[in-house]
Amino acid sequence: MAQQYSIIEYNTIIETNPTQQQHNKTKTKQKQKPKKKKNPTQTQPIEKYQNDVENNELQINNNEDLRTLNFISQLNVSKLKLSNCYNIEPQLQSDQIRELTIEECGISSVEGFQLENIKVLNLPGNEVCELNGDDFPHIRELDISNNDCDDISFLESMPKLKKLNMNMNRIDDMSVLEQLLSLEDLDISETKQGDIDSLKNLSKLKRLKLFWNDVVNIDVLGKLKNLEDVDVSYNAGVDISPLMKLQKLVKLNVSCINLTNFETLLKIHSLKELNLSRNGIKQLDLQQCTQLTSLTLAENQLIDVSFIKFLVNLKHLDLSHNTADVEPLSTLIQLTSLNLKDCNLCTLSTLKYLVNLEELNISDNQIDITAICCFTKLKILQLNSCNIRNLSVLKNLNLEELGLDENELENIKDLQYMIGMKKLSLNGCGLYEISIIRLLQKIKYLCLANNKIISLSPLAEIKTLSDLDIDSNFVQDLSKIQAHKNYKSYNIGTQQEPTAESMKLAIRMDAIDQINIQARQIRRKIHNLKAVNNIKKESINMSKSMFNQVNFANNVIRLFQKLDNNEGCQ
């Protein structure tokens, strides 16, 4: 008798059934948590993870079934990270572990953990609402971001904390923070806090994130003389004048606060990194801020940026989504990173002396890129939607990342010279043929979506490729890439009738962590998938249907039987 499999979790949207569609839209908005399986507990073999331990560190992720963590104590591990795992029983005893991360695993408690020497505990994206500091006597760093915490009184049992992240929790009372006198790094962003007086005793605080709250009055920050890094972005109307008292402040994010008075900024002489994006700024003069090394002015309404020529120490500049004349930038010879996306540029000739540039984004400009050959140190280049047809001007650059989305390229033959390329995006470039890509033997990420590609044969020769997107092409034979064992993300999307056998071979690649395939496409080939019984781990996105499972073929069949009964999914 054939082995039977059951659907662990599925969440379907039937486009022809409005009631069911609305139900699932609501359902998908809710926080997803892994469901526990009912299979008998299996002992995890030590051999399975021994070879994954590197420098006393072990990472386990992507839908691994961890019914017990006891095996960890038998490994020489001081740093353990579990991400997107399920069936975790919070029972772990180890005197070796110094740093533990359990990320988005659906746990609600760590009461069974006996980790007397742990110093760093990260629990982001779970459902933990309480901890006992007595269980972690040496803890110095704690991350409980995006959990279900509304009461943080348990923190009084952790007085030696130096770093605390409580981002994305609806916390009712923060008065306990007054007792955490050792705190140096605090993140209380997106906690809906309007009153931050509880920070008044934190004299050792160096880094503070307050973004996306309801904070207006930050007078208390003027008393925290050791602050070096402050983020008060997305707090509309906040008065930043108290910050001028901070003589050690080097990094400040005041984006999207409707800032109109810039006098405070001119008086913070220690400031080196400044973010002023999304403030609707039309006029600005920061020529006195010559100490700045990083400046972000994205998404404002600047026309004149002549003051920038005085900021001779700038290394990072973001002027994206403005229409200012960029000629004043020509003297900034120390720049290593420049973002001029959507700036109405026509030419780069005025910037040809910026020879130290390593990262450049000039996407969304109808621009002549001839002068780009002057930037011989470039490693990262974004040229999306620039009306480019020929790549010859790029062939002498030693690029590692290149974005060419939405350009009607005549050919890509000049990519052959970019042998150091690690990340390449050619989304929507009108490509039919990609044979030249086989020469990019260091590439890890490749996007070929929305083209007219028929054959993927050249990709079979690339052993380093781990992330591939071939959505919306004309590929019929997917078997050419079946030999790969390194794929972590693989987007098949919609293709023009791939053969049943090639799809089956592609899906058999058990190294894949993520597969995206249109539901209607699988339905046409469903009878050919019955033999696929050995998939170890997948995250399947079928058009608008999302579910996690152990066995792909059997569950797809069951899913479509359910859809058929509801007369959905044409």
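Going by the working numbering, the sequence shown opens with residue 14, and the numbers climb by one from there.
No residue lacks a Cβ here, since even glycine has one placed at the ideal position from N, Cα and C.
Owing to the predicted nature of the structure, the values given are computational and were not obtained by experimental measurement.
Item, Value
"Buried versus exposed, by CB contacts within 10 Å (16 or more), L364", "buried"
"Beta-carbon proximity list for D163, same chain, < 8 Å, skipping 5 on both sides", "C142, N182, R183, I184, D185"
"8 Å CB neighbourhood of C359 in its chain, flanking five on each side removed", "N378, Q379, I380, D381"
"Beta-carbon proximity check, D418 vs N397, cutoff 8 Å", "yes"
"Simplified DSSP state of E70, which is helix, strand or coil", "strand"
"Of the residues H151, K175, I152, E117, the one placed nearest S158, counting alpha carbons only", "E117"
"C-beta contact flag for G443 and L410 at 8 Å", "no"
"Cβ contact check for the segment 104 to 115 and the segment 129 to 136: 3 or more pairs under 8 Å", "yes"
"Whole-angstrom C-beta distance between T81 and E102, which should lie under 8 Å", "6 Å"
"Environment of D523 [buried if 16+ CB atoms lie within 10 Å]", "Its pLDDT being 39, under 50, D523 is placed unreliably in this model, and the coordinates cannot settle the point."
"Among L221, D65, Q395, N357, the one whose alpha carbon lies nearest that of L370", "Q395"
"8 Å Cβ cutoff met for L461 and I475", "no"
"Bridge-paired residues (DSSP) for F126", "L105"
"Contact check, N69 vs N89, beta carbons under 8 Å", "yes"
"N464 burial status per 10 Å Cβ neighbour count (16 or more: buried)", "buried"
"Given Y445 as reference, the closest of D355, L155, F487 once Cα atoms are compared", "F487"
"Buried or exposed (CB count within 10 angstroms, at least 16 for buried), V339", "buried"
"Beta-carbon spacing of L391, L373 below 8 Å", "yes"
"Assumed close pair V229, G250 - CB separation to whole angstroms, cut-off 8 Å", "6 Å"
"Minimum C-alpha distance to N271 - residue among L218, L308, L289, I450", "L289"
"Cβ-based burial, E60 [other Cβ within 10 Å; buried from 16]", "exposed"
"Contiguous beta strand (DSSP E) assignments of at least 3 residues, all confined to the segment 258 to 305", "264 to 266, 286 to 288"
"First through last residue of the beta strand (DSSP E) which encompasses Y458", "458 to 460"
"Sub-8 Å separation of L223 and S202 beta-carbons", "yes"
"Where the beta strand (DSSP E) through E116 begins and ends", "112 to 116"
"Where S333 falls, given that 16 or more other Cβ within 10 Å makes a residue buried", "buried"
"Span of the beta strand (DSSP E) around E414", "414 to 416"
"Top-ranked residue by Cα proximity to G441, from L459, I120, L193", "L459"
"Distance, A473 Cα to P47 Cα", "Here P47 scores only 46 on pLDDT, less than 50, and its place in the model should not be relied on; the value that follows carries that caveat. Approximately 35 Å, taken between the alpha carbons."
"Inter-residue Cα distance where the pair is G293 and D331", "15 Å"
"Short Cβ contact (8 Å threshold) for L262 with E241", "yes"
"Where T303 falls, given that 16 or more other Cβ within 10 Å makes a residue buried", "exposed"
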